[in-house]
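The structure under discussion appears below in the form of structure tokens.
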Amino acid sequence: MTDASIIDPAPLRSAPASGSGGAQATGGTPEPSVRDYVSLLKPRVMSLVIFTAFAGMIAAPSGVNPVVGFAAILCIAVGAGASGALNMWWDADIDAVMRRTANRPIPAGRMAAGEALAFGLALSVLSVMMLTVFANPLAGGLLAFTIFFYVVIYSMWLKRATPQNIVIGGLAGALPPLVGWVAATGSVDVAPLLMVGLIFMWTPPHFWALALFADTDYGKAGVPMLPNVAGHPETRRQILLYALLLAPVALAPAFTVAGGPLYLVVALALNARFVWGAFRIRGRADATARADTFAVEKKFFGLSIWYLFGHFAAILAEAGLRAMLGDYAAGMALL
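For the sequence shown, UniProt numbering assigns the number 1 to the initial residue and increments by one for each residue that follows.
This is how it looks when you write it as structure tokens:
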């Protein structure tokens with residue numbers, strides 16, 4: 001997952017910068033606390049990864065042994081945390097000049113960069129190996145690819161190179177439901193691929209809504225986010241475009257083994273609200289938005305979080321209904 005879901009209000013603090021990624025440790029760095037190590041894992045981003053991976057696993061028609069399922073979700077969570085730690089190691093220089101990230105362990109001087117690197121690498125290897133053992137090699141391979149894509153393709157390359165960084169890089173955050181499904185079944189199906197598509201298409205409007213009211217942070221750090229490069233009017237147009245393209249992708253799972261009528265009703269309601277919110281953003285003038293401190297954009301950003309949660313909660317609810325109906329049918333067959 002990208003790390004844009006939470007805005008850290010902590011003020012900018014003095015911190016070392018390394019210039020081009022992979023910040024170097026400073027002398028006299030104090031011993032990091034347990035809280036600092038937890039912070040490296042990006043627990044709020046991790047929670048979204050766990051939730052979507054769990055939905056993908058539970059939606060799989062084959063079912064999964066509870067012990068295997070718990071172990072697989074734990075491995076996916078550790079892999080997500082490893083990605084977060086490696087991202088913080090690489091981005092420590094730009095984190096130091098962005099207000100919402102300046103209090104992270106490395107730029108704040110509470111942890112040496114080398115410790116974060118070693119921690120992230122160790123967790124990466126551990127999570128991939130254990131998922132391969134507990135689930136299957138395909139699931140382990142997908143988790144390894146997810147970590148690689150987020151750290152190398154997104155963090156080290158795309159983030160600083162192109163305003164399309166979040167569009168392409170969003171694939172890393174979209175893969176957890178597929179990893180969960182494959183951990184349960186050992187195979188790929190259309191349903192988890194549509195879940196991947198849902199998150200992939202959701203990521204740009206979600207992130208760009210944040211970028212509209214946090215663009216000065218990205219500008220200071222030299223990160224080419226769309227509002228800084230193409231301007232606010234184009235960003236607003238792109239948010240609406242992606243919201244419109246997202247709607248059919250979000251509705252499609254209703255017609256797979258993972259969906260059903262409940263999911264369809266929820267998806268219709270959520271997408272109608274999401275598209276309407278994007279239309280409101282598209283019609284805004286930048287001066288008006290600044291005058292009211294980007295109230296509409298902030299509301300849309302909050303809505304986008306609930307939008308994704310609602311879709312995957314509906315997938316879980318459909319799985320629960322299928323299990324209940326299956327148990328009922330089995331009970332009736334015994335009568």
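Using N, Cα and C, we set each Cβ at its ideal position, and we do this for glycine too. These figures come from a predicted structure and were not determined experimentally.
Does the beta-carbon of residue 338 have 16 or more other beta-carbons within 10 angstroms, so that it is buried, or is it exposed?
The chain is shown from 1 up to 335; residue 338 falls before or after that span and cannot be answered.
Are the beta-carbon atoms belonging to Ala92 and Ala60 less than 7 Å from one another?
Position 92 of the sequence shown, counting from 1, holds the residue named residue 92. Position 60 of the sequence shown, counting from 1, holds the residue named residue 60. No, they are not a contact pair.
Check the C-beta distance from Arg176 over to Gly81 and give it rounded, since I have them as a contact under 8 Å.
The residue you call residue 176 lines up with position 176 of the sequence shown. The residue you call residue 81 lines up with position 81 of the sequence shown. A small correction: the amino acid at residue 176 is Pro; Arg does not occupy that position in the sequence shown. Going by Cβ atoms, the distance from Pro176 to Gly81 rounds to 13 Å, so no, they are not a contact pair.
With a 10 Å radius around its C-beta and 16 neighbouring C-beta atoms as the bar for buried, classify Gly302 as buried or exposed.
On the sequence shown, residue 302 is found 302 positions in, with the first residue counted as 1. It counts as exposed.
For Leu175, which three-state DSSP category applies?
Position 175 of the sequence shown holds residue 175. In this structure, Leu175 counts as coil in the three-state DSSP scheme.
Does DSSP put Pro66 in a helix, in a strand, or in coil?
As a first step, residue 66 must be located in the sequence shown, where it is residue number 66. It is helical.
Relative to the C-alpha of Leu131, which candidate in Pro105, Val78, Phe149 has its C-alpha closest?
Looking up residue 131 in the sequence shown gives position 131. The shortest Cα separation from Leu131 among Pro105, Val78, Phe149 belongs to Val78.
Which residues bound the alpha helix (DSSP H) around Met129?
Stepping through the sequence shown from its first residue, residue 129 is reached at position 129. Per DSSP, Met129 belongs to the alpha helix (DSSP H) from 113–134.
From the DSSP output, in three-state form, read off Ala102 for me.
Numbered from 1 along the sequence shown, position 102 holds the residue referred to as residue 102. Of the three classes helix, strand and coil, the one that applies to Ala102 here is coil, per DSSP.
Can you check which of these residues, Val179, Met225, Pro163, Phe70, is closest to Ala53 by C-alpha distance?
The residue given as residue 53 occupies position 53 in the sequence shown. If we check each option's Cα against that of Ala53, Val179 comes out closest.
Using CA coordinates, which residue listed in Val167, Asn228, Val275 is at the minimum distance from Leu244?
For the purposes of this step, residue 244 is identified with residue 244 of the sequence shown, where counting begins at 1. Closest option to Leu244, Cα to Cα, is Val275.
For Ser155, which option in Ala135, Leu86, His206 has the closest C-alpha, if you only look at C-alpha atoms?
Residue 155 sits at position 155 when you count from the first residue of the sequence shown. Comparing Cα positions, the closest option is Leu86.
Is Phe207 near Leu171, with beta carbons less than 7 Å apart?
Working through the sequence shown from its first residue, we reach residue 207 at position 207. Working through the sequence shown from its first residue, we reach residue 171 at position 171. It is not a contact, given that the beta carbons lie outside the stated cut-off.
Closest to Leu117 by C-alpha separation, out of Ser127, Gly260, Trp89, would be which residue?
Start at 1 with the first residue of the sequence shown, and residue 117 comes out as number 117. Here the closest residue by C-alpha is Trp89.
Please identify the residue among Gly173, Ile106, Ala161 whose C-alpha is closest to the C-alpha of Met46.
To locate residue 46, count along the sequence shown from 1; it is residue 46. The shortest Cα separation from Met46 among Gly173, Ile106, Ala161 belongs to Gly173.
If distances are taken between C-alpha atoms only, which option among Ala278, Thr293, Ala319, Pro248 comes closest to Gly259?
Counting from one through the sequence shown, the residue named residue 259 turns up at place 259. Among Ala278, Thr293, Ala319, Pro248, the Cα nearest to that of Gly259 belongs to Ala319.
Mind checking whether Ala139 and Val182 have CB atoms under 7 Å apart?
Here residue 139 refers to the residue found at position 139 of the sequence shown. Here residue 182 refers to the residue found at position 182 of the sequence shown. Yes, Cβ-Cβ distance for Ala139 and Val182 is below 7 Å.
Within the same chain, show all residues whose beta-carbon is closer than 6 Å to that of Arg322, passing over the 5 residues directly before and after it, in chain order.
What you label residue 322 is simply residue 322 of the sequence shown in a count that begins at 1. So the list is empty, once near-sequence residues are dropped.
What does the Cβ neighbour count give for Phe300, buried or exposed, with the cut at 16 atoms within 10 Å?
Stepping through the sequence shown from its first residue, residue 300 is reached at position 300. Label assigned to Phe300: buried.
With distance defined between alpha-carbon atoms, name the residue in Lys42, Val249, Leu325 nearest to Met195.
In the sequence shown, residue 195 corresponds to position 195, counting from 1. When only C-alpha atoms are compared, the closest one is Val249.
If we ignore side chains and look at the alpha-carbon of each, how far apart do Gln24 and Pro32 end up?
Along the sequence shown, read from residue 1 onward, the residue named residue 24 stands at position 24. Along the sequence shown, read from residue 1 onward, the residue named residue 32 stands at position 32. Here Gln24 scores only 42 on pLDDT, less than 50, and its place in the model is too uncertain to base an answer on.
Report the CB separation of Leu251 from Ala267 in whole angstroms; it is logged as a contact under 8 Å.
Against the sequence shown, residue 251 aligns to sequence position 251. Against the sequence shown, residue 267 aligns to sequence position 267. Leu251 to Ala267, Cβ: 5 Å. Contact.
Have a look at Arg237 and Gly283 and give me their C-alpha separation to the nearest angstrom.
Taking the first residue of the sequence shown as 1, we reach residue 237 at position 237. Taking the first residue of the sequence shown as 1, we reach residue 283 at position 283. Rounded to whole angstroms, Arg237 to Gly283 spans 9 Å at the Cα level.
Assign Gly231 to buried or exposed, taking buried as 16 or more other Cβ atoms, counted over all protein chains shown, within 10 Å of its Cβ.
Residue mapping note: residue 231 aligns to position 231 of the sequence shown, counting from 1. Burial call: exposed.
Does DSSP put Ala53 in a helix, a strand or coil?
Counting from one through the sequence shown, the residue named residue 53 turns up at place 53. Correct three-state label for Ala53: helix.
Give the secondary structure of Lys299 by DSSP, where H, G and I count as helix, E and B as strand, and everything else as coil.
Residue numbering aside, residue 299 sits at position 299 when the sequence shown is read from its first letter. Lys299: helix per DSSP, three-state reduction.
Report buried or exposed for Trp202, applying the criterion of at least 16 other Cβ atoms within 10 angstroms of its Cβ.
By 1-based counting over the sequence shown, the position of residue 202 is 202. Buried: at least 16 other Cβ atoms inside 10 Å.
If we require 4 or more residues per run, which alpha helix (DSSP H) segments fall completely within the stretch 260–297?
Runs found: 261–282, 286–291.
By the 10 Å Cβ neighbour count, where 16 or more other Cβ atoms means buried, how is Met98 classified, buried or exposed?
Looking up residue 98 in the sequence shown gives position 98. Answer is buried; the Cβ neighbour count reaches 16.
Over what stretch of residues does the alpha helix (DSSP H) that includes Arg110 continue unbroken?
As a first step, residue 110 is located in the sequence shown; it is residue number 110 there, counting from the start. First-last for Arg110: undefined, no H or E at that position.
Is Pro205 closer than 7 Å to Ile239 when the C-beta atoms are compared?
By one-based count along the sequence shown, residue 239 stands at place 239. By one-based count along the sequence shown, residue 205 stands at place 205. Cβ distance < 7 Å, so Ile239 and Pro205 count as in contact.
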